[in-house]
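In our numbering, the protein residues as written are 23 to 445.
Take a look at the structure below.
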Amino acid sequence: MIGVVEFFMLKWVFFLPKLFFRFCHGQVPVAECVDSRAPKFAFVSHVLPPSWSGQAVVIGRLLRDMDPRSYCLISRQDNQQDGHVRSLSGHYYCLGAEKQIPINRSVFWDINVILSILQRGWKIARILIAEECRTAVVGTGDLVDLPAARLACFFSGAKFYAYYFDDYVYQWMGKIRKRADLFERIIFNRIEGLIVPNEFLWKEMMSRRNMNAVIIHNPCESIPEKHDPGMEESKKGDIRIVYTGAVYHVNFGAIRNLISALEMLKRPDIKLHLYTAQSEEWLAEHGIKGDYVVHHNHVSHPEVVQAQSSAHILFIPFDFHSPVPEVVRTSAPGKLGDYLVSGTPILAHVPSDTFVKWYLTEHQCGVVADRDSVEYLKKTLIQLLEDEKLRKSIRRNALDRARLDFDPVVMKQKLTAMLGGWL
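So this is what it looks like as structure tokens:
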């Protein structure tokens, strides 16, 4: 339980007098790209294009065709380094690190978090006022961003929208989760709107906060006009099972199960190809190695598209014994839309209560092995390899669902409509 003193201390952070900030903010220099004729919004996220992170990719796809004068981008870190996605045209702001009490004791952890919220909130508010932003859209992934931006909106008068790429509370563990829960309760007292990437997280937020969120599925890169029916016949040679993207603890167990299944099959013509930024050595330390694994370094988006379209099977893994099962249950992989439009059948090895399992089975656009069983995964894989009719049905349904749920043009329209339709 959060102590009474602690609770009111944190509440105090969000209700500092506006007058003090209004008195001081006149010293803020007006940004170069201010356009006072049109409303403007800020997108706050710990990762931004051109970062290879899935969250950054989604942001890039939603904002890339918008007028750069209609938004600015704010992050605690420099996102302008070379990446695999092009930078957006809007103005970037790097907030930098906040000052902390240099004492490594748990008693100072809460104090340092509050100091970070105050400092980051102050910096964001200065930008919102200088850029004349009427709205702030704030992504998850950083403990401080949401409360700091909410504080900034309180100071500046801007509207506050939370964008839950993942569950803000349950992506953390232990003490941090308790603080995130407290921050969320305070934030949701004054929130203009909430955006979530799938139906499961929508249900979670309705249950937890009685908040009716808007669902914006993570958009794919583009929607092809039609699917080539001869695509599968052009895939000759060894069978390639492909996974693209970051590999971390919520994927380990499921990937290891697939490797074990391939070892049981004893077919050297079937291999798992991993296209990821994680090194081969690091993956090996977590048991992701062997004769049936081919490691590829992280590649550019056109190369990712080529890898996905030339694969025989695309793989989605989620661990059955993750320390954050709530995140696994409500997670929507950023790559799902791209997988659906690739023309390649999807094999998911995920728990039975997950959004991924529900979506693929509900719309019959993928095959799911939802038991923590290497034998069951092997049988599901064999079924997919041997049933041509099943593969064709999956590809057809997948493209239909991509057009309905993952079209980047439609998702951008949903975002702009939520923010007022003025972009």
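Note that beta-carbon positions come from the ideal geometry of N, C-alpha and C, so glycine has one too.
Values in this document were obtained by computation on a predicted structure and should not be read as measured data.
Open item on the list: Quick check: the stretch 214-232 against the stretch 331-341, are at least 3 beta-carbon pairs closer than 8 Å?
Closed with: no
Open item on the list: Can you confirm whether the stretch 148-155 touches the stretch 168-179 when touching is taken to mean that 3 or more C-beta pairs between the two stretches lie within less than 8 Å?
Closed with: yes
Task: 7 Å CB neighbourhood of Val396 in its chain, flanking five on each side removed - done: On the sequence shown, position 374 is the one that residue 396 refers to. Closer than 7 Å at Cβ, skipping near neighbours: Asn279, Ser282, Ala283, Met286.
Task: Runs of beta strand (DSSP E) lying entirely within the stretch 205-274, each at least 3 residues, in chain order - done: 215-218, 261-266
Task: Leu407 versus Phe274: straight-line alpha-carbon distance, rounded - done: The residue labelled residue 407 in the question sits at position 385 within the sequence shown. The residue labelled residue 274 in the question sits at position 252 within the sequence shown. Looking at the two C-alpha atoms, the distance is approximately 23 Å.
Open item on the list: Among Asp203, Ala64, Ile209, whose alpha-carbon lies nearest the alpha-carbon of Glu154?
Closed with: Reading the sequence shown from its first residue, position 132 is the one you call residue 154. Comparing Cα positions, the closest option is Ala64.
Task: Beta-carbon separation (whole angstroms), Ser353 vs Asp188, contact threshold 8 Å - done: The residue given as residue 353 occupies position 331 in the sequence shown. The residue given as residue 188 occupies position 166 in the sequence shown. About 6 Å; that satisfies the 8 Å criterion.
Task: 4 or more residues per run - each alpha helix (DSSP H) lying fully within the stretch 145-211 - done: 167-178, 196-209
Open item on the list: Quick check: the Cα distance between Pro246 and Lys145, rounded to an integer number of angstroms?
Closed with: By 1-based counting over the sequence shown, the position of residue 246 is 224. By 1-based counting over the sequence shown, the position of residue 145 is 123. Roughly 42 Å between the two C-alpha positions.
- [ ] Compute the distance between the beta-carbons of Asp375 and Arg351, then report whether it is under 7 Å.
- [x] Sequence index remark: in the sequence shown, residue 375 carries index 353 (1-based). Sequence index remark: in the sequence shown, residue 351 carries index 329 (1-based). Cβ distance < 7 Å, so Asp375 and Arg351 count as in contact.
Task: Thr383 (DSSP reduced to helix, strand or coil) - done: Walking along the sequence shown from the start, residue 383 turns up at place 361. If DSSP states are grouped into helix, strand and coil, Thr383 belongs with the helices.
- [ ] Count the other CB atoms, across all protein chains shown, that sit within 10 Å of the CB of Gln328; report buried if there are 16 or more and exposed otherwise.
- [x] As a position in the sequence shown, residue 328 is number 306, starting the count at 1. Result: exposed.
Open item on the list: Can you find the residues in the same chain that come closer than 7 Å, C-beta to C-beta, to Ile213, ignoring five residues on each side of it along the sequence?
Closed with: Within the sequence shown, residue 213 is the residue found at index 191, counting from 1. Correct list, in chain order: Phe182, Ala184.
Task: Nearest neighbour of Ser322, chosen from Val69, Pro61, Pro124, Val79 [CA to CA] - done: Taking the first residue of the sequence shown as position 1, residue 322 is located at position 300. The shortest C-alpha separation from Ser322 is found at Val79.
Open item on the list: For Ala420, report the span of its alpha helix (DSSP H) as first-last.
Closed with: Stepping through the sequence shown from its first residue, residue 420 is reached at position 398. Ala420 -> alpha helix (DSSP H) spans 410-427.
Task: Nearest candidate by alpha-carbon position, reference Thr438, set Val66, Pro71, Leu85, Leu70 - done: Sequence index remark: in the sequence shown, residue 438 carries index 416 (1-based). Ranking Val66, Pro71, Leu85, Leu70 by Cα distance to Thr438 puts Leu85 first.
Open item on the list: What does DSSP give as the partner residue(s) for Ala64 in the beta ladder?
Closed with: Residue mapping note: residue 64 aligns to position 42 of the sequence shown, counting from 1. DSSP output for Ala64 lists Cys94, Ala158 as bridge partner(s).
Task: 3-residue-minimum beta strand (DSSP E) runs that sit fully inside the stretch 312-354, ordered along the chain - done: 315-319, 335-339
Task: Where Leu369 sits in the DSSP three-state scheme - done: Here residue 369 refers to the residue found at position 347 when the sequence shown is read from its first residue. Leu369 falls in the strand class under three-state DSSP.
Task: Rounded C-alpha distance that separates Gln77 from Glu410 - done: Walking along the sequence shown from the start, residue 77 turns up at place 55. Walking along the sequence shown from the start, residue 410 turns up at place 388. The alpha-carbon atoms of Gln77 and Glu410 are separated by roughly 34 Å.
Task: Contact belief for Cys387 with Leu403 at Cβ below 8 Å, rounded distance in angstroms - done: To locate residue 387, count along the sequence shown from 1; it is residue 365. To locate residue 403, count along the sequence shown from 1; it is residue 381. Contact doesn't hold; Cβ gap of about 17 Å is too wide.
Task: Counterpart residues of Lys293 in DSSP-defined beta bridges - done: Along the sequence shown, one-based indexing puts residue 293 at 271. Looking at the DSSP assignment, Lys293 forms a beta bridge with Arg262.
TODO: Tell me where the alpha helix (DSSP H) around Ala391 begins and ends.
DONE: If you number the sequence shown from 1, residue 391 lands on position 369. Not the alpha helix (DSSP H): Ala391 falls in the beta strand (DSSP E), residues 389-391.
Task: With 16 other Cβ atoms within 10 Å as the buried cut-off, status of Asp313 - done: Your numbering for residue 313 matches position 291 in the sequence shown. Exposed is the call here.
TODO: From the DSSP output, in three-state form, read off Thr298 for me.
DONE: The count along the sequence shown starts at 1 and reaches residue 298 at position 276. Residue state, collapsed to three classes: strand.
- [ ] Measure the alpha-carbon distance for Ile217 versus Gly365 and round it to whole angstroms.
- [x] For the purposes of this step, residue 217 is identified with residue 195 of the sequence shown, where counting begins at 1. For the purposes of this step, residue 365 is identified with residue 343 of the sequence shown, where counting begins at 1. Roughly 29 Å between the two C-alpha positions.
Task: Close beta carbons around Thr266, own chain, < 7 Å, minus the five adjacent residues each side - done: Within the sequence shown, numbered from 1, the residue matching residue 266 stands at position 244. If we look at Thr266 and ignore the five residues flanking it on each side, its Cβ neighbours are Tyr297, Val326, Ala329, Gln330, Lys357.
Open item on the list: Would Arg83 and Pro355 qualify as a contact pair, given that the criterion is a beta-carbon distance under 7 Å?
Closed with: The residue labelled residue 83 in the question sits at position 61 within the sequence shown. The residue labelled residue 355 in the question sits at position 333 within the sequence shown. It is not a contact, given that the beta carbons lie outside the stated cut-off.
Open item on the list: Would Glu120 and Ser97 qualify as a contact pair, given that the criterion is a beta-carbon distance under 7 Å?
Closed with: Position 98 of the sequence shown, counted from the start, is the residue given in the question as residue 120. Position 75 of the sequence shown, counted from the start, is the residue given in the question as residue 97. For Glu120 and Ser97, no; Cβs fall outside 7 Å.
Task: His295 beta carbon less than 7 Å from that of Val316 - done: Residue mapping note: residue 316 aligns to position 294 of the sequence shown, counting from 1. Residue mapping note: residue 295 aligns to position 273 of the sequence shown, counting from 1. Taking 7 Å as the Cβ cut-off, Val316 and His295 qualify as a contacting pair.
Task: Segment limits, alpha helix (DSSP H) that includes Thr438 - done: Here residue 438 corresponds to residue number 416 of the sequence shown, with the count starting at 1. Element bounds for Thr438: 430-440.
- [ ] Report back the beta-carbon spacing between Ser111 and Pro72 to the nearest angstrom; my notes put them in contact at under 8 Å.
- [x] Locating residue 111 in the sequence shown gives position 89, counting from the first residue. Locating residue 72 in the sequence shown gives position 50, counting from the first residue. Not quite, the Cβ-Cβ distance comes to about 12 Å (not below 8 Å), so this is no contact.
Open item on the list: Quick test of your reading: Val272 and Ser344, contact by CB under 8 Å. State the CB separation rounded to the nearest angstrom.
Closed with: Position 250 of the sequence shown, counted from the start, is the residue given in the question as residue 272. Position 322 of the sequence shown, counted from the start, is the residue given in the question as residue 344. Yes, they are in contact, since the Cβ atoms of Val272 and Ser344 sit about 5 Å apart, within 8 Å.
Open item on the list: Tell me which residues share the same chain as Cys116 and place their Cβ nearer than 7 Å to its Cβ, disregarding the 5 neighbours each side in the sequence.
Closed with: Residue mapping note: residue 116 aligns to position 94 of the sequence shown, counting from 1. Contacts found: Ser97, Gln99, Asp100.
- [ ] Buried or exposed for Arg44, please, with buried defined as at least 16 other CB atoms from any protein chain shown within 10 angstroms of its CB.
- [x] As a position in the sequence shown, residue 44 is number 22, starting the count at 1. Here Arg44 scores only 47 on pLDDT, less than 50, and its place in the model should not be relied on; the value that follows carries that caveat. Exposed, because fewer than 16 other Cβ atoms sit within 10 Å of the Cβ of Arg44.
Task: Proximity below 7 Å, CB of Thr162 to CB of Tyr190 - done: Start at 1 with the first residue of the sequence shown, and residue 162 comes out as number 140. Start at 1 with the first residue of the sequence shown, and residue 190 comes out as number 168. Cβ distance < 7 Å, so Thr162 and Tyr190 count as in contact.
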